[in-house]
Structures are given as structure tokens and as C-alpha cells.
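K.L.:
Structure in C-alpha cells, see below.
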Amino acid sequence: MRIAIPAETDPLETRVAASPETIKKLLGLGAEVVVQSGAGLASGITDADYSAAGAQIAKDAAATVKDAQIVLQVRRPKAASLKGAAEGVVLISIMDPYGQDAALQALAKAGISSFAMELMPRITRAQSMDVLSSQANLAGYRSVIDGSGEYGRAMPMMMTAAGTVPAARIFVMGVGVAGLQAIATARRLGAIVTATDVRPATKEQVESLGAKFVAVEDDEFKQAETAGGYAKQMSAEYQAKQALLVAGHIAKQDIVITTALIPGRPAPRLVSADMVKSMRPGSVLVDLAVERGGNVEGAQAGKVVVVNGVKIVGDSSALKLPATASALYAKNLFAFVETMIDKTEKKLAIQWDDELVKATCLTRGGAIVHPNFQPKPE
């Protein structure tokens, strides 16, 4: 059983799909592991580190995937990059499948069995495989660090002989994993924190971290959560009421962090250009949803935009913590791969009726098999 870890091809991607720790665990399952030379450098992992863990080092991508039965990556590669792998090779990565019909068709046509880690069901059994949580947790932490770095003042209240420095006011919009970590980190730094979310269950979570909850708590708000724990798309009427409430609140904030995402949809617009203009010069907005269109009007991916002295940060994510992000992501991958291996025979033995497999499998046997991504009949 050969498992391949190619280098990522996206120039902005700093993570890698395996750590020395998970290499040892994969070898323990009876696998032969091959890592492309230089794959871990951006995460601070050298070829020597991988070799010491027992992996083989290949000079290029083609040599890495040759005859591989399993390929582990961070982001979905092009189907052509897996040419030379074993027939029906298993690809496991963050697939970003929404709106990617051509890419999924190409994987299916190539006979690749692909699995999307971000579709992992949020059930107790799969907690150790939840890549969205592991990466969002780091993004939430980093958003506060980046926000404080751009903010030109101290975060905690300080009483000095020269006078008192007031605590920074931070408003977190969207209280998922990233939002909760942002709240916790901001509180540790001594900020006065408020937060909002459309899901009623988050109010208690926010208050348990010592922050104040801000939301329009009407009947629609009370039913604004899916069975899977995700936020529902809110009505235009609710969005208008919520926008009116937060508009005045945002004007008083020093740092605003937005984290709102809805699977398969563009990021909801939470902060308008007028709201940005209402903030004091020197204030900061950090948009963690910028790659999905952004929660903040004017945010640009990979850039810090300045509008009337207000900074809009669009480059804060787990990619800025590559060593930690890779270590956690690699553990997520290993936990999933382990369920696919027959530990007695030490070979690949996917249970196709397993709920984790059915939830994450996109392509198999030359076709797109996931019901949410199958081509619609003409």
C-alpha cells in the first residue's frame, strides 16, 4: 500500500498534508509513504525530518504519485497531476467542490476516487477528522493577532502614571469555531468583546466566554439554525433589522472580525461601505470570509485595504500559521485514512457504506457520486 504526499501547487498554500508524526502512524498501518522533496518547507518540515520519520523522498510530483493507492493533499489538485498513480487511486483533500463541475468531471473521467474533507459530517465519531474546525480555530486566533497588529493602540486597559489607556472594543460577527476562538483570544488580550450570530444557541456560548451578545432576537432568529448546526440563510427583512442594529454598534468599535460562511453559498454581506465609513480612523476590520466574496464591502483577498483611515484586512487565515495548521490537518487526514485500512491485512479496504465515506465521497468509478454535486439533467 503506497501513500503519496505531493507538494502543493497553489503558490499561496503554505500547508502540507503530512507531518513526521503522521508519517510514523501511516507506516504503522503497513503503508509505504512517499513525500515530494520540499513539500513541507513552508511549514518548517524538511526532507530530513520526513526521512527520519521513515518516509521516502521523491524528486518531483510524478515520482511521488507513481503507483500510489492513496494521495493526500491540502487542496484539490488537477486530475492530470495524478497520472501514473494506481488505477482507482484514492484522493483525499480539501476539495472546494461547489461550482467546480468541470474539475469534478475531470477527476471522475480519470477514474479517481476523491473525498472532500470539508464535507465530513459533524458527528461525535468524526470529531478528530473535522478539518473545518481545526483550521477555523486557528483562523479565529490569527484574526485577533492580525487585527491587533494593524490596530495602532494597546488592547488591554492600562493604568499608568501618565494616564489610563482604555481597553480596545472588539466585535465578532459570526460565532462558529473561528468566532469563538476570536472571542476567547480577544478576551485574553484584555479587550472588551461583543459578538453576534443568527443562531440562538450561540448566545450562551458567547456569554460563557465573558462577551456580550448582540442580535435581533425575534421569531425568525429562534429558528435560524439547521439540524447540522449551521446558520440558515436569513430573510431580507431580518437582515435589514440586524444591519440596523449592528450599524450603530460597529461605529463604536475599534476592531471588527467577520467569520460568517454558509456552505455552498457566497459569504453574506454583513458590513456595508457606509458602516466602514462610520468607524473611526485607525479602526480595523478583519474579514475571514474574503475568499468567498467577503462579509465586508471593499475587502480584497490577500490585501489590507485602507478606506478613510479604516483598515480592511483580507489576508488573515490559518495559512499564516502553517506549522500548526499542517500538524492539525495531517492528524485530521490520518484519522480518516485509518478507517479505510484493514489493520489485519494491512491493505486498503474502503467500506463504501460507511457514513463517513458516503458523506465525503465525490467521485468513484468514473462518475460523480455525491448527490449534491451530480450533474443536473438537461
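The numbering used here puts the first residue of the sequence shown at 1, with every later residue one more than the last.
Beta carbons are placed, not taken as given, at the ideal position from N, Cα and C, and that holds for glycine.
#1: Along the beta strand (DSSP E) that carries I192, what are the first and last residues, could you check?
#2: Does R75 come out as helix, strand or coil in the three-state DSSP assignment?
#3: Quick one: give me the first and last residue of the alpha helix (DSSP H) that V305 is part of.
#4: Please report how far the alpha carbon of A325 lies from the alpha carbon of A318, in whole angstroms.
#5: May I ask you to report which of helix, strand or coil DSSP gives K358?
#6: Would you list the residues sitting across from R2 in a DSSP beta bridge?
#7: Of all the options R280, G282, L321 and R269, which has the alpha carbon lying nearest to the alpha carbon of G298?
#8: Is there contact between the segment 4 to 16 and the segment 40 to 54, where contact requires at least three CB pairs shorter than 8 Å?
#9: How would you call S208, buried or exposed, if buried means at least 16 neighbouring beta carbons within 10 angstroms?
#10: Since A267 contacts A289 with CB under 8 Å, what's their CB separation in whole angstroms?
#11: Run through DSSP, which three-state label would D342 get?
#12: Would you mind stating whether A70 and A7 have Cβ atoms separated by less than 9 Å?
#13: Tell me the rounded alpha-carbon separation between Q56 and A184.
#14: Start and end of the beta strand (DSSP E) containing G152?
#15: Does the structure place the segment 126 to 142 close enough to the segment 169 to 189 that three or more beta carbon pairs sit under 8 Å?
#16: From what residue to what residue does the alpha helix (DSSP H) around K311 run?
#17: Are K343 and L119 touching if we call contact CB-CB under 9 Å?
#18: Would you list, in sequence order, the uninterrupted alpha helix (DSSP H) runs of no fewer than 4 residues that lie entirely inside the segment 52 to 104?
#19: Find out if the Cβ-Cβ distance for the pair Q36, A80 is shorter than 9 Å.
#20: Excluding the five sequence neighbours on either side, which residues of its own chain have a C-beta within less than 7 Å of the C-beta of G88, listed in chain order?
#21: Near A116, what residues of its chain come up, given a Cβ to Cβ distance below 6 Å and the 5 sequence neighbours on each side ignored?
#22: When we look at the beta-carbon of M157 and count the other beta-carbons within 10 Å, is it buried (16 or more) or exposed?
#23: Since V175 and A195 should fall inside the 8 Å C-beta cutoff, what is the C-beta to C-beta distance between them, to a whole number of angstroms?
#24: Are at least three pairs of beta-carbons, each pair with one atom in the segment 157 to 172 and one in the segment 122 to 131, less than 8 Å apart?
#25: I'd like the list of long-range same chain contacts for A58, defined as Cβ closer than 6 Å, with 5 residues on each side in sequence excluded.
#26: Spatial neighbours of P121 within its chain, please: C-beta separation below 6 Å, excluding the five flanking residues on both sides.
P.N.:
Here's the rundown:
#1: Numbered from 1 along the sequence shown, position 192 holds the residue referred to as residue 192. Per DSSP, the unbroken beta strand (DSSP E) holding I192 starts and ends at I192 to T196.
#2: Start at 1 with the first residue of the sequence shown, and residue 75 comes out as number 75. DSSP places R75 within a strand segment (E or B) once states are collapsed to three.
#3: Numbered from 1 along the sequence shown, position 305 holds the residue referred to as residue 305. Unbroken run through V305 is the beta strand (DSSP E), V304 to V307; no alpha helix (DSSP H).
#4: The residue labelled residue 325 in the question sits at position 325 within the sequence shown. The residue labelled residue 318 in the question sits at position 318 within the sequence shown. Our two residues, A325 and A318, have alpha carbons roughly 6 Å apart in a direct line.
#5: Stepping through the sequence shown from its first residue, residue 358 is reached at position 358. It is helical.
#6: Walking along the sequence shown from the start, residue 2 turns up at place 2. Under DSSP, the beta-bridge partners assigned to R2 are E32.
#7: Working through the sequence shown from its first residue, we reach residue 298 at position 298. Nearest to G298 by C-alpha distance, out of R280, G282, L321 and R269, is R269.
#8: Pairwise C-beta distances place the segment 4 to 16 in contact with the segment 40 to 54, as three or more of them are shorter than 8 Å.
#9: Numbered from its first residue, the sequence shown carries residue 208 at position 208. Looking at its Cβ environment, which holds fewer than 16 other Cβ atoms inside 10 Å, S208 is exposed.
#10: By one-based count along the sequence shown, residue 267 stands at place 267. By one-based count along the sequence shown, residue 289 stands at place 289. Contact between A267 and A289 holds: CB atoms are separated by about 4 Å, below the 8 Å threshold.
#11: What you label residue 342 is simply residue 342 of the sequence shown in a count that begins at 1. D342 falls in the strand class under three-state DSSP.
#12: If you number the sequence shown from 1, residue 70 lands on position 70. If you number the sequence shown from 1, residue 7 lands on position 7. Ala is not the amino acid found at residue 70; the sequence shown has Ile there. Result no, Cβ atoms of I70 and A7 do not sit closer than 9 Å.
#13: Here residue 56 refers to the residue found at position 56 when the sequence shown is read from its first residue. Here residue 184 refers to the residue found at position 184 when the sequence shown is read from its first residue. Spanning the two alpha carbons is a distance of roughly 41 Å.
#14: The residue labelled residue 152 in the question sits at position 152 within the sequence shown. Per DSSP, G152 lies in no beta strand (DSSP E) segment and is marked neither H nor E.
#15: Segments in contact, yes.
#16: What you label residue 311 is simply residue 311 of the sequence shown in a count that begins at 1. For K311, there is no enclosing alpha helix (DSSP H); the enclosing beta strand (DSSP E) has its first and last residue at V310 to V313.
#17: As a first step, residue 343 must be located in the sequence shown, where it is residue number 343. As a first step, residue 119 must be located in the sequence shown, where it is residue number 119. With contacts defined as CB atoms closer than 9 Å, K343 and L119 fail to qualify as a contacting pair.
#18: Listed in chain order, the complete alpha helix (DSSP H) runs (minimum 4 residues) inside the segment 52 to 104 are 61 to 65.
#19: On the sequence shown, position 36 is the one that residue 36 refers to. On the sequence shown, position 80 is the one that residue 80 refers to. No, these two residues do not count as a Cβ contact at 9 Å.
#20: Counting from one through the sequence shown, the residue named residue 88 turns up at place 88. Contacts found: G111 and S113.
#21: On the sequence shown, position 116 is the one that residue 116 refers to. Excluding residues within five positions, the ones whose Cβ falls inside 6 Å are M95, P97, T360 and L362.
#22: Here residue 157 is taken as the residue at index 157 of the sequence shown, counted from 1. Looking at its Cβ environment, which holds fewer than 16 other Cβ atoms inside 10 Å, M157 is exposed.
#23: Here the question's residue 175 lines up with position 175 in the sequence shown. Here the question's residue 195 lines up with position 195 in the sequence shown. So it is a contact: roughly 5 Å between Cβ atoms.
#24: With fewer than three CB-CB distances shorter than 8 Å, the segment 157 to 172 does not count as touching the segment 122 to 131.
#25: Taking the first residue of the sequence shown as position 1, residue 58 is located at position 58. So the list reads V34, Q36 and T64, once near-sequence residues are dropped.
#26: Reading the sequence shown from its first residue, position 121 is the one you call residue 121. Correct list, in chain order: A359.
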